[in-house]
Amino acid sequence: MLSIAYNKKIGKEVKKAIQKYIYSSFPATERYNADYTRHNLLDVIMYSIANDYFIEEGSELLKMRRKKIADGNTVFYRIKPATVSQVISYSNTINEQILTNAKSLGILNKPCICGLDWHDLELYSKKIKEDIRTKPKDGTDYALRYLSIESVEEGKRFTFHAVPINPFTNLCEAVSKLISKTREYVDIKLILMDRGFFSADMLEFLIGNNIPHMIPARRNKKIDALERAVRLKRLPIPNTPDSFYVVDNYPLAGRVKIKLVFYFTPSKEPDETDKCFIFTTNLEVDIKNVKKLADLYRKRWGIETGYRVKDRVLGRTCSTNYVARLLFLFLSILLYNFWTLLRILKPPWTRVYKRFTLNKLKKLIRECIEFGC
448 MLSIAYNKKI GKEVKKAIQK YIYSSFPATE RYNADYTRHN LLDVIMYSIA
498 NDYFIEEGSE LLKMRRKKIA DGNTVFYRIK PATVSQVISY SNTINEQILT
548 NAKSLGILNK PCICGLDWHD LELYSKKIKE DIRTKPKDGT DYALRYLSIE
598 SVEEGKRFTF HAVPINPFTN LCEAVSKLIS KTREYVDIKL ILMDRGFFSA
648 DMLEFLIGNN IPHMIPARRN KKIDALERAV RLKRLPIPNT PDSFYVVDNY
698 PLAGRVKIKL VFYFTPSKEP DETDKCFIFT TNLEVDIKNV KKLADLYRKR
748 WGIETGYRVK DRVLGRTCST NYVARLLFLF LSILLYNFWT LLRILKPPWT
798 RVYKRFTLNK LKKLIRECIE FGC
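Residues in the sequence shown are numbered consecutively from 448, following this note's numbering.
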């Protein structure tokens, strides 16, 4: 157990850091005669997030502990006039400060393996024009979708950039923005992507720009037939039961030539054929590194873990206002990066590095807003 004095010391440091990173330039309207400042509004939002409440619930609870607290309607009234570009600008500015701080600590000095994927936030309210039709999940088939890129390496799992996408977004342009922004902070060693990005357009863009990538292939009749053919030609990997085969210059959709790697592993069932993992990459593949590459793809699940963590600090709302939902989304990314940075910083964090969980951060935020630090 940490002492009360030490907890208070950490609380002061957290409050100071939050004021610096999260509270500055918050995009809400503020007139000269407004009853509540932007700081007051963000107190309600942050308190609600820390307690896993809807904004309206968080406001009512905070009113029992402090005076001059804005209600939920006031919070939304003040943030709705903001534009999408203002919200994105706010997020980029704060995220740049966090990542620049991380870079100054030497965390991002080496080339980084990144994961790039999209994440859906299910909608249970009325439809809005920016939503995406998805597979039915948890009682809805509509969601707000965003694309993000982040490090999947332990100890530096920062989200470098994120962009909202809608049915009319050009995916290659969105990916280009993410990669360009990421390169401002770190050199990209490899990008791990989901098979949803396995398309002629995307691979033409990645190969044409010499972006190191690894993407599982989408199965179709041609690729399945090719797999059956290469099973007879596969090469054994020394000291392992695995085998592989590389097909260079495979014509995808008649537009782009790609490298397909077929990686075979024995099935656990003796009467079943060997399993085959098929992926494309523009890296050199040979008998020495093919196993390492195939195993490396498992790191991509780091981005899925990041999404689950960010969902735990996502503001809860039933509002159909796109700006409000977008603001809560980017706040969750900023809080996630802020928490990642705090786990890396020097004293007073060294004593709690292994135990500085997200719940600990939420508890400190809650106490600082309720009682001050």
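C-beta atoms are modelled at their ideal positions from N, C-alpha and C, and glycine is treated no differently.
query: Pro794 versus Arg772 - alpha carbon distance; result: Unreliable positioning characterises Pro794 in this predicted model, as indicated by a pLDDT of 46, which lies under 50. The coordinate reading is nonetheless provided below. Roughly 35 Å between the two C-alpha positions.
query: Distance, Leu730 Cα to Val723 Cα; result: Residue identity check: residue 723 is Cys in the sequence provided, not Val. If I take the Cα positions, the gap works out to 19 Å.
query: Beta-carbon proximity check, Glu600 vs Ile560, cutoff 8 Å; result: yes
query: According to DSSP, residues forming a beta bridge with Leu704; result: Note on identity: in this sequence residue 704 is Lys, with Leu being the wrong assignment. DSSP, once it has assigned bridges, lists Pro698 as partnering Lys704.
query: Where Phe818 falls: helix, strand or coil (DSSP); result: helix
query: Thr797 classed as buried or exposed, judged by whether at least 16 other C-beta atoms fall within 10 angstroms; result: Summary for Thr797: the model assigns pLDDT 47, below 50, so the residue's position carries little reliability; its value from the coordinates is reported in the next sentence. Thr797 comes out exposed.
query: Sub-8 Å separation of Leu555 and Val633 beta-carbons; result: yes
query: 8 Å Cβ cutoff met for Tyr537 and Ser472; result: yes
query: Assigned secondary structure, Tyr783 (DSSP; H/G/I helix, E/B strand, else coil); result: helix
query: Whole-angstrom C-beta distance between Tyr479 and Thr521, which should lie under 8 Å; result: Between Tyr479 and Thr521 the Cβ distance is about 17 Å, and since that is not below 8 Å, they are no contact.
query: Helix, strand or coil at Cys619 according to DSSP, with G and I counted as helix; result: helix
query: Stretch pair the region 584–591 + the region 614–631: three plus CB contacts closer than 8 Å; result: no
query: For Gly505, the first and last residue of its enclosing beta strand (DSSP E); result: That residue, Gly505, is in no beta strand (DSSP E); its alpha helix (DSSP H) goes 502–510.
query: Sequence-distant residues of its chain with Cβ nearer than 8 Å to Val531 (five each side left out); result: Pro611, Tyr769, Val770, Leu773
query: From Leu568, Val760, Ile670, residue whose alpha carbon lies closest to that of Ala700; result: Ile670
query: Proximity to His566 [Cα-Cα], best of Gly586, Thr606, Gln544, Leu552; result: Thr606
query: Limits of the alpha helix (DSSP H) - the one that Gly753 falls within; result: 748–758
query: Where Gly586 falls, given that 16 or more other Cβ within 10 Å makes a residue buried; result: exposed
query: Buried versus exposed call for Ala529 [16 or more other C-beta atoms within 10 Å across all chains shown]; result: buried
query: Cβ shell of Ser766 (< 7 Å), same chain only, five flanking positions each side left out; result: Phe523, Arg772
query: Beta-carbon gap between Gly762 and Leu778 smaller than 8 Å; result: yes
query: Backbone secondary structure at Arg763 - three-state DSSP; result: strand
query: Boundaries of the beta strand (DSSP E) in which Thr530 is found, first to last residue; result: Segment: none, Thr530 is in no beta strand (DSSP E) and carries neither H nor E.
query: Rounded separation between Lys396 and Lys628 - CA only; result: The question about residue 396 has no answer here: the residues shown for the chain are numbered 448 through 820.
query: Three-pair Cβ contact test at 8 Å for the region 713–721 versus the region 633–642; result: no
query: Beta-carbon spacing of Tyr468, Phe711 below 8 Å; result: no
query: Counted within 10 angstroms of its Cβ, other Cβ atoms place Pro474 as buried (16 or more) or exposed; result: buried
query: Validate contact between the region 494–503 and the region 742–753 using beta carbons, cut 8 Å, 3 pairs; result: no
query: One or two residues paired with Ala590 in a DSSP bridge; result: Glu569, Ile579
query: Backbone CA spacing between Leu425 and Arg702 [nearest angstrom]; result: Absent from the structure is residue 425, since the part of the chain shown begins at 448 and ends at 820.
query: Range of the contiguous alpha helix (DSSP H) that encloses Ala676; result: 668–677
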